[in-house]
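Residues 58 to 972 in the working numbering are what the sequence shown lists, from first letter to last. We put the CB at the ideal spot given by N, CA and C, even for glycine. Structure, as structure tokens:
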Amino acid sequence: MDDLLVAGGAGGAALLLWGEPGIGKTALLDYAAERATAGTSGAAPATVLRARGIETETVLPFATLGDLLMPHSSLFRELPGAQRSALESCLALSGDPADPPGNPYAACMGALNVLAALGDERPVVVLVDDLHWVDPSSQRVLLFVARRLSSERVALALGSREDHGESGPRRSIPAVQVGGLAPEECATLLDGRVTPNVLADLVRISGGNPLALREIASGLTEEQARGERPLLDPPSLGSHLERAWATRIDGLPDPARRALVVLAASRSTSAGPLRKALEAAGLSLDALSPAEEDGLIAATADGLDFHHPVLRALVLGRAPLAHRYAAFQALAEVSTGPLHAWYRASATPGPDEEAAAALAAAASEARRRSAFGESALAWRRAAELTPDPAPRADRLHHAASDALLSGSPAGPQWCEEALRITPDPAVRAAIQGLLGRMYTWKGETAQAYGLLVNAADAVRDTDRTRACLLLAEATAAARLDGHVPAAVRVAEKSLALASESGPERWYSLTLLGGALVMSGRTAEGREMLEAADRHGTGGDPVRDQQVYAIAGQAWSRVEEFVRGRRLLNTAVESARQHSAVGVLGFTLAVRGELETRIGQWASARGDLTEALRWAEELGQLTCVSYALYCLARLEALRGDRVECEEHVARARRECGAYGIGCQEFHMTAVLGLSALAHGDHDAAADQLEQTLSLAVEQGIGNPEVVPFAADLAEAHVRAGNAARAVEVVSWLEERAQETGLASAEAAAARVRGLMAGTPEEAEAYFGAALQAHQRTTGPFDWARTLLCEAEVLRRYRRPGAARAPLASALACFERLGAVPWARRAASELAAAGGMLKSTAQSAAGGMGGVLDQLTPQEFQVSRAIARGLNNTEAAASLFVSRKTVEAHLTRVYRKLHVRSRTDLTRLLTAADLVD
């Protein structure tokens with residue numbers, strides 16, 4: 058905790074403390090609050106913001122965030138307009154019930170910038186206990202902020218229970234497991250109340266848990282404390298604590314027990330609201346005095362609360378049903394708005410349309426405030442209370458839809474439940490479409506495809522537009538599942554259902570064009586893509602970002618890189634401007650793959666790193682797999698075999714179980730390329746043979762979807778398998794002729810040149826390869842052709858002729874940062890008697906020159922500034938604080954030896970990195 062406070066004061070840090078109840082997380086947060094307030098260890102006193110999750114508040118939108126930020130709401134007016142509007146809407150400070158949902162990520166950015174502004178005055182320490190009981194929307198904001206603290210003078214500490222599924226937060230921010238006390242510390246805590254032998258038993262039973270140790274010790278008889286009677290081991294630590302507390306609760310007078318139930322059910326622990334609720338239940342605050350005297354509850358600054366949060370759930374769980382209903386009914390009588398709806402729902406034992414309608418209204422309000430986690434829970438509970446099947450299915454559909462937006466895993470289960478109770482074909486199609494979308498992003502692509510096709514079939518005759526759009530979505534699922542012919546078929550069916558002038562036609566044309574290009578029918582694919590462009594009713598790059606990305610990817614796969622990049626840039630910048638991050642990870646990954654292909658590797662690394670971060674943050678496993686592949690390919694080209702293999706291993710570990718059919722096609726190709734780069738030709742051939750088999754099996758006829766075939770043929774040539782190399786290059790030549798792709802033609806000619814039997818034959822093949830390279834963009838492949846040509850020239854004892862292509866290849870490899878390839882070229886050039894650059898000159902040419910010195914985020918900041926954005930606009934665009942942009946920009950200036958934004962823009966423009 059001391060390190061966290063120091064790091065936060067110096068420039069931003071976050072930490073998650075996790076462990077079982079009673080282990081000491083709250084004590085550590087108390088310690089941090091005391092140290093931060095006092096400004097110990099030479100640090101200035103900090104502003105301390107503190108909040109705690111309460112189980113009964115988990116359904117209230119942004120409750121915890123409001124507790125933290127509302128005392129500083131005067132800073133909201135300093136935020137950019139969109140962020141201020143979104144944050145105020147989330148906290149119910151503005152907005153009309155008829156307004157559409159706000160942007161949750163603009164609100165996240167607003168919260169980050171409020172904390173950063175506080176940090177301008179003095180260090181800020183944010184302490185949040187019981188994260189597992191914080192409402193989902195506040196959790197999302199807190200974790201968003203935690204991932205982005207780097208220059209803001211903000212320290213954020215979160216405490217959470219071990220058993221609440223916090224694997225996501227534990228992985229995404231630094232985490233520490235809080236363990237039990239050592240035996241000597243346990244002895245100090247009990248201060249001689251038990252004998253050494255009994256102490257040893259208590260340490261064993263409690264595992265050093267301070268709360269358990271004290272509670273168990275307090276329940277011992279004098280004989281047990283002296284070791285004269287044995288301790289009975291409970292089946293678990295939790296049951297021992299529960300039994301000890303239950304005995305004390307059961308010993309209270311009946312009014313005290315009923316008053317405890319009201320306190321446990323209440324959102325507020327303040328004396329005023331609590332008194333009103335107790336009076337509505339026919340009780341008074343005095344009824345809680347016996348519980349306070351027993352130590353089960355304690356006085357707070359403005360009311361009463363439980364000695365430990367676990368007691369709240371224990372009291373509610375042990376209370377008779379009648380007492381619970383009475384408590385919730387009393388609370389409902391003295392509350393209003395969404396809180397009234399939830400209390401009323403909790404007091405309702407069975408179906409009740411009035412209670413359900415009130416909760417549905419609360420769900421709509423939560424949705425308007427972008428609190429999708431809370432709205433999903435409200436819709437779900439409203440559905441449980443709805444007596445009629447049709448509206449119950451509709452509310453379950455709403456619940457599942459909002460669950461998808463919130464990242465909750467409960468959506469598929471609620472969709473399945475809704476499907477069981479509604480026979481209406483239109484409603485079923487809508488639910489199946491939503492379920493298919495969920496499965497697509499989760500990585501369960503085969504199941505998604507079946508659901509989407511079935512849903513389209515169900516409404517084909519009654520709602521052609523919906524059927525068209527469902528089949529278009531099924532196209533994407535089929536591609537991801539590794540069934541390209543099926544993708545073409547459903548895309549053709551989708552287009553057949555599209556109207557001549559409706560916007561769905563643009564969607565269908567684009568998806569069909571992408572599928573045809575992937576299958577190798579590039580001429581037909583181009584026709585569809587051109588028709589989509591001519592259609593004139595193209596989509597909104599924010600709303601239809603995924604389709605823009607697919608179109609950009611398809612154009613790049615027919616070597617229309619400028620056209621593809623233009624679409625991708627439009628989609629990315631629109632998403633940044635409107636904080637529309639739902640598909641931003643996928644779009645950035647597609648752009649990163651294109652940039653890798655055209656030799657802009659520094660830019661690619663920035664895009665792909667950000668793409669992976671968004672995919673992880675949004676739980677999009679298909680995009681995680683794709684981004685990891687693209688990063689692995691970039692590392693293979695650069696020669697970092699360890700990093701490449703780590704990316705592949707992670708993709709297989711985290712995404713492999715979900716059956717993303719196209720994953721192994723990509724991963725074997727990149728492992729083969731990496732092995733080839735390091736001269737491990739047999740391993741390369743083994744991996745790439747698997748890639749070829751998968752390409753044929755999955756119907757991938759475009760050799761540039763993943764350019765593996767020339768790598769496979771070259772691996773066989775260098776491994777001495779000439780016959781197999783001829784078979785592979787023949788396949789590639791057929792594909793090149795079928796698709797008309799210059800890059801495939803050049804790659805095939807390059808391998809033919811390697812296998813040539815005479816200098817004249819080699820010269821002809823390499824000449825043809827270089828001519829083909831002139832019709833496309835791909836500096837790495839061009840340099841590979843020059844390297845292979847020079848190797849063959851040296852083999853035929855023509856070192857003089859080899860020097861010029863070797864020098865050009867070496868310069869290109871060094872500029873890109875393709876280390877093993879540059880090493881080979883340098884070795885060949887030395888053997889041919891050529892002059893090598895000095896070490897300093899070589900070092901200056903790596904990966905886009907000096908740009909390789911930048912981290913991925915520094916590169917993204919540089920590109921935003923070069924586009925003409927000011928620091929505030931760049932921060933909003935990249936979802937970081939202004940302080941972070943300023944800190945990155947300072948480092949960028951130092952690394953690149955530039956002194957102004959103009960110099961930086963000039964440098965990036967010269968590298969063709971600014972449009």
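For the pair A95 and P102, the CB atoms are nearer than the 8 Å cut-off. Assignment of alpha helix (DSSP H) within the stretch 906–951, counting only whole runs of 4 or more residues, yields 913–923 and 928–935 in chain order. For T94, the enclosing alpha helix (DSSP H) covers residues K82 to A95. Taking a 10 Å sphere around the C-beta of S275, we find fewer than 16 other C-beta atoms and assign the residue as exposed. Taking each of K940, G66, G110 and A887 in turn and checking the Cα distance to S217, the smallest one comes out for G110.
In this structure, the straight-line span from the alpha carbon of P366 to that of E114 is close to 13 Å.
The residue among D969, G577, Q603 and D343 with its C-alpha nearest the C-alpha of A534 is Q603. The alpha carbon of A672 has as its nearest neighbour, out of W302, V640, R695 and S465, the alpha carbon of V640. A straight-line Cα-Cα distance of about 21 Å links S263 and A370. The alpha carbon of P287 has as its nearest neighbour, out of D311, P877, S934 and T252, the alpha carbon of T252. At a Cβ-Cβ threshold of 8 Å, C845 and R872 do not count as neighbours. Under the three-state reduction of DSSP output, D59 falls in the helix class. Secondary structure note for A875: it is in no beta strand (DSSP E), with a DSSP letter that is neither H nor E. With a contact defined as Cβ atoms closer than 8 Å, M724 and V774 miss out at about 23 Å. According to the DSSP assignment, S327 belongs to no alpha helix (DSSP H), since it is labelled neither H nor E.
The secondary-structure analysis by DSSP pairs S323 with nothing; it has no beta-bridge partner. In the structure shown, the three-state DSSP call for T497 is helix.
A799 sits close to A829, with the two beta carbons spaced by under 8 Å.
In the DSSP assignment, F618 falls within the unbroken alpha helix (DSSP H) covering F618 to Q634.
Runs of the beta strand (DSSP E) lying entirely within the stretch 755–809 and spanning at least 3 residues: none are present. One thing to note: L148 has its Cβ within 8 Å of the Cβ of F119. For the options D481, Y496, P448 and A486, the alpha carbon positioned closest to that of G468 is the one of Y496. Within the model, the alpha-carbon separation for A543 versus T532 is close to 8 Å. With a cutoff of 8 Å on beta-carbon distance, L528 and K550 are scored as near each other.
DSSP places T104 in the strand class (E or B) of the three-state scheme. If you look at G729, you'll find it in the alpha helix (DSSP H) that goes Q720 to A734. Beyond the five residues adjoining it in sequence on each side, L453 comes within less than 6 Å, by CB distance, of A440, W471, E474 and A475 in the same chain, given in chain order.
Annotation: Q828 is outside any beta strand (DSSP E); the continuous alpha helix (DSSP H) that includes it extends over P816 to H830.
Of the residues G265, G249, G308 and R305, the one whose Cα lies closest to the Cα of E279 is G249. Considered as a whole, the stretch 266–317 harbours 267–275, 279–282 and 294–307 as its complete alpha helix (DSSP H) runs of no fewer than 4 residues, in chain order. Three or more beta-carbon pairs drawn from the stretch 674–692 and the stretch 713–727 are found closer than 8 Å, and the two stretches are therefore classed as touching. Taking all protein chains in view, the Cβ of Q610 is crowded by 16 or more other Cβ atoms within 10 Å, so the residue is classified as buried. Shown here, G663 sits in a helix according to DSSP, grouped into three states. Using a Cβ distance threshold of 8 Å, A859 and A847 count as a contacting pair. Collapsing the DSSP output to three states places S565 in a helix. In the DSSP assignment, L645 falls within the unbroken alpha helix (DSSP H) covering L641 to R654.
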